[in-house]
Each structure stands twice: as structure tokens, then as C-alpha cells.
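Enquirer:
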Amino acid sequence: MLVKRIIACLDVKGGRTVKGTRFLNLRDAGDPVELACEYCRQEVDELVFLDITATNEKRKTLTSLVKRVAKNINIPFTVGGGINSIEDIEILLSSGADKVSINTYAVRNPLVITESAKRFGTQCIVVAIDAKRVDGDYKVFLNGGREATTIDAVLWAKRASELGAGEILLTSMDTDGTKLGFDIELTRLVSESVKIPVIASGGAGKIEHFEQVFKQGKADAALAASIFHFREVDILQLKKYLLLSGIEVRLTEAFLDVA
Amino acid sequence: MKVAIIKYNAGNTESVKNALERLGVKPVLTDSPEEIISADKVIFPGVGEASNAMRYLRQKNLEVVISSINKPFLGICLGMQLLCDFSEENETECLGIFPYKVRKFSSSNVKVPHIGWNQIFDLKGKLFSYVREGEFFYFVHSFYVDVGKDTTAICDYDVKFSAALERENFYAVQFHPEKSGSVGERLLRGFLEL
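So the sequence lines, in the order shown, correspond to chains A and B. Per my numbering, the very first residue in the first sequence carries number 1; after that it's consecutive. Per my numbering, the very first residue in the second sequence carries number 1001; after that it's consecutive.
1) Measure the CB-CB distance between Leu1194(B) and Lys1126(B) and report whether it falls below 8 Å.
2) Counting only beta-carbon separations shorter than 8 Å, does Gln1119(B) have a partner in chain A?
3) Assuming Ile151(A) and Ile196(A) make a contact with CB atoms under 8 Å, what is their CB distance in whole Å?
4) Select from the stretch 195-207 of chain A all residues with a C-beta closer than 8 Å to any C-beta belonging to chain B, and list them in chain order.
5) From Ile1005(B) to Lys1026(B), what does the alpha carbon distance come to, in whole angstroms?
6) I'd like to know whether the C-beta of Ser1129(B) is nearer than 8 Å to at least one C-beta of chain A.
7) For the stretch 161-190 of chain A, which residues have a beta carbon sitting closer than 7 Å to at least one beta carbon of chain B?
8) Check whether chain B comes within 8 Å of Gly136(A), counting only Cβ atoms and requiring the distance to be less than that.
9) Short check: CB of Val127(A) to CB of Ile113(A), under 8 Å?
10) Nearer than 7 Å: is that true of the beta carbon of Val1064(B) relative to any heavy atom of the ligand PLP?
11) Taking 6 Å as the limit between beta carbons, can you name the residues of its chain near Gln1119(B), skipping five residues before and five after?
12) Work out the CA separation of Lys139(A) and Arg133(A) for me, nearest whole Å.
13) Residues in its own chain within less than 6 Å of Ala1083(B) by CB, not counting five upstream and five downstream?
14) Whose C-beta lies closer than 8 Å to the C-beta of Met1001(B) among residues of the same chain, with five residues either side of it excluded?
15) Can you tell me whether Leu244(A) is buried or exposed, with buried defined as 16 or more other CB within 10 angstroms of its CB?
16) For the stretch 30-50 of chain A, which residues have a CB atom closer than 9 Å to at least one CB atom of chain B, in sequence order?
17) Using 8 Å as the Cβ pair cut-off and three pairs as the minimum, do the stretch 1146-1161 of chain B and the stretch 1061-1073 of chain B touch?
18) Return the residues of the stretch 108-126 of chain A that lie within a Cβ-Cβ distance of less than 9 Å from chain B, sorted by chain order.
19) Are the CB atoms of Gly1048(B) and Gly121(A) nearer to each other than 8 Å?
20) By Cβ distance, which residues of its chain are closer than 8 Å to Val44(A), with the 5 residues on each side in sequence left out?
21) Please report the distance separating the alpha-carbon of Leu223(A) from that of Thr78(A).
22) Can you check whether the C-beta of Ala70(A) is within less than 8 Å of a C-beta belonging to chain B?
23) Okay, do the stretch 104-119 of chain A and the stretch 156-167 of chain A touch, 3+ Cβ pairs below 8 Å being the bar?
24) Closest to Lys1179(B) by C-alpha separation, out of Met1(A), Asn72(A), Ser85(A), would be which residue?
25) Go ahead and label Met1(A) buried or exposed: buried means 16 or more other beta carbons lie within 10 angstroms of its beta carbon, across all protein chains shown.
26) Under a Cβ-count criterion, where at least 16 other Cβ atoms within 10 Å of its own Cβ denotes burial, should Ala259(A) be classed as buried or exposed?
27) Are the beta-carbon atoms of Asp130(A) and Gly81(A) separated by less than 8 Å?
28) Taking C-beta to C-beta, are Gln212(A) and Gly181(A) nearer than 8 Å?
29) Apart from the five residues on each side of it in sequence, which residues of its chain come closer than 8 Å, Cβ to Cβ, to Leu1188(B)?
30) Within this structure, are the beta carbons of Ser64(A) and Ile89(A) separated by less than 8 Å?
31) Please tell me whether Ser1087(B) and Val1159(B) are closer than 8 Å, where the distance is taken between their beta carbons.
32) When you compare the CB of Arg5(A) with every CB in chain B, is at least one pair closer than 8 Å?
Okay, structure coming up:
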């Protein structure tokens, strides 16, 4: 059967991994390729590289990073952050990215989802949504959370999927960086309203949070950054725990014996 | 050994090249009929859309070239679908090596595309020399091939479909061995040893 995925996110700036919370307070955390290789050894299912400063800085470092990752990594990876044209998408995919995630660009030009899905295939277009609760509803925020909109996050997810997105990468700005758990309600609302996979992001602090987001949040995949980064949660331990909780995940035989 | 990867307008050729290089093989990425025909192994990768891909292959005269190859040939993902008779994706006439129709997942019980790690079973043939029953591979697709006579591995996503096909020198897999971690590397090694 198709199993739930554990995704490690690496926020990169100038070709280096940084991590504070997504939206502020960055600290350097090393070479992204080395870290990615370490995650692969721990049986992570996918990787996401988010260039958090791409909007304001040159793209060359990102392209060369994507090439290095593609040479060294044998699992799927997504690249995002500041993508602002079909040409950007093309460069990243041709450099070896399996998927790109688009956020602000898609909100401003929704038809770009359709156009890029047609050109590169639905499966490589991930629409990233940063959502925050405002007066009881979830609203879409743009530009790394700096710009509020009146767009309803659940409706936008639905529209994006109808336009041709292959996956939704859903980040809750309310829970991101808190380590208090994923936003279960937001994840469930979005997951139940779209027919494409939903990756839940923001708030993972301990192993049990993943169980919740899969069981109650109906997520297809769960993404975390800092807790993997600083080894607060070991990916192998996490997967063993999930298996024992009745959630199917990928573990190769060598590791199953230990479970 | 000369390994050719068919270069066309359907993505991820680089990933396949990288994967082979990790196995110590230096493949050529090419759309030249001579290069492809003279290779010992040919890989036909693909991420993309069927009708655009077929149009490109016809323009480059590769349709005829592919059908004439008698060396071990491996189609991956869209590459596998294009080897079939017909794809529902934009109603596309394909290469016709495998006598099957490629259909869209239509069940309301599952999400489409089928994205992620899934297990394969009922393995047959030499392609799976180094792969065990039930191992996980990475899939990304919205269209699939039914289980038929040429099926050499089965995957289940609400419907049972062909995870792999084999007919004479033509092999095809719906999943992405180049993205399936160490298991994928073992499958590629099996192909290179055919």
C-alpha cells in the first residue's frame, strides 16, 4: 500500500542550511548536501529545499546547490522559495529537482499552475500555502508570511488542485516554530477538500505529533525541519513508532529487524 | 558498456544520468538515432505529458528507432506508458511495444496523482534479481497500465496495476528506480547486468 511520508525540510540561504523558525531568527546549520545525505541514511522519504531569501537574492547559488543535491541524493526532492517565472521552474527542474514548490507566484498568477503542470507534468508542481488563522478563518499569507491577504486558505487549496497542482505543501504560521504540534484542524480541512496529496508542515516537536497529523489531520505526508536538524527527533525512531501505532511507513528490512 | 539515455522533452533525464553515475556507469544522454542504436543498453526515462512527448519523438524520428532496438531497453514512468499502445492522457497514440492502454486513476477512494512509496509484489524476471517481494519504490503518476500477460510486478493503489512489464528485450517500470534509494539502485544494477 501507499505509505505516509516523512519529509525533511532544509531552509537554505546563500547555499547554506539555516534554521530558526521559518520566518525569522536564522542560524547557520551547515552544508545542505551533507545534511541531506545524513537524512537519507536515516530513511527520510523525501527532501524539500526552501531558499528562504530567493526573492531578494541571486538564484545562481540555488541552481548550483540543486545540481549538487541531484548528484548525491537518490530520493525525491522539491525546491522552492521565490520562484517567480516559468523560466525559474524550468531551470530548477532541468538542474535536477524532481518538483518545485510555488507560493506567492501562484497566488498572483493562478493560471501559472495550469501552464506549468501542462508543460512539466502535474506531479512536479507543488503549491505551497502559508496559512494563518484570522478571525476564525484560515487566510493565505504571501512573501514568507510578510503579506496578509483576504484569500481563504482552504478554498485556495481546492482551486490550486483544480488548476493542476500535484500536491499541496501546507504550512501553518500559527504552529510553525512552536514545537507544539501540527495544526490538525487546518490540515484536515484542506486534506478533505482536495483530491491531491497534502503535506502538513509547521509545529512538529515530538514523535506523537506525527501520529496526530496522520490519524486526525489526514495528512499524506508530514514535514519538519528543526527537530530533525538538531536531532531532537530521530527519523528512524519516528518511523518505528509510527509503524507500532498502526501507521504504515517505509522502512527497509535492515531497520525493520530493530523495530 | 555503452548506456544511452534517450534525451527528449520529458524531464528528469538528469536524475537517471546521476543515478547511473553513482553506479559507476558513464551514460550518454542523446537523441541521436545512431548513438541510441549502437548502445548496449538503452534507458527511456520520463516525467511529463504523453502527447507532447510523442510529438517530440516523432519529430526526431525516434519512434522508429525505439521500435527497432534489440538491446535491453528500460522505460521508466512516462517512458513505460509511451511504450504501450495508447494513453488516455490527451488521447495519445503511443509506441505500441506493449499491447495495453494507459488509463487514468479514477477511483474516488484515493488521491491522484499516486505520489510516494509503495510496495511491489509478484516479481518475475531478471530485472528483479536484486529486489525482494514487497520492497518499496517511489511512484509519481496519474495514469497506469492494467495487469496483463507482460506484467512482471504488481502494485496496489485501490486498483492493482502493472508496476513493471517485460516483453522480449523491452522492460518497463512505472516507479522511479533512480529516486527509490538503495532499492532503486539494486534494480538499476539488475538492468545493467542483463
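Using N, Cα and C, we set each Cβ at its ideal position, and we do this for glycine too.
Expert: Walking through what the data contain:
1) yes
2) yes
3) That belief does not hold up - the Cβ atoms of Ile151(A) and Ile196(A) are roughly 18 Å apart, past 8 Å.
4) Lys195, Ile196, Pro197
5) 10 Å
6) no
7) Gly166, Glu167
8) no
9) yes
10) Ligands displayed in this structure: none; no statement on the ligand PLP is therefore possible.
11) Gly1134, Phe1136
12) 6 Å
13) According to the sequence as given, residue 1083(B) is Leu; it is not Ala. Closer than 6 Å at Cβ, skipping near neighbours: Gly1075, Leu1095, Ile1097, Phe1098, Ala1172.
14) Val1025, Asp1040, Lys1041, Leu1192
15) exposed
16) Cys40, Glu43, Asp45, Glu46
17) no
18) Ala117, Lys118, Arg119, Phe120, Gly121, Thr122, Gln123, Cys124
19) yes
20) Ile6, Ile7, Ala8, Ile75, Phe228, Ile235
21) 12 Å
22) yes
23) yes
24) Asn72(A)
25) exposed
26) In this prediction, Ala259(A) has a pLDDT of 40, which is less than 50 and means its spatial position is unreliable; nothing more can be read from the coordinates.
27) no
28) yes
29) Ala1019, Leu1020, Leu1023, Pro1177, Glu1178
30) no
31) no
32) yes
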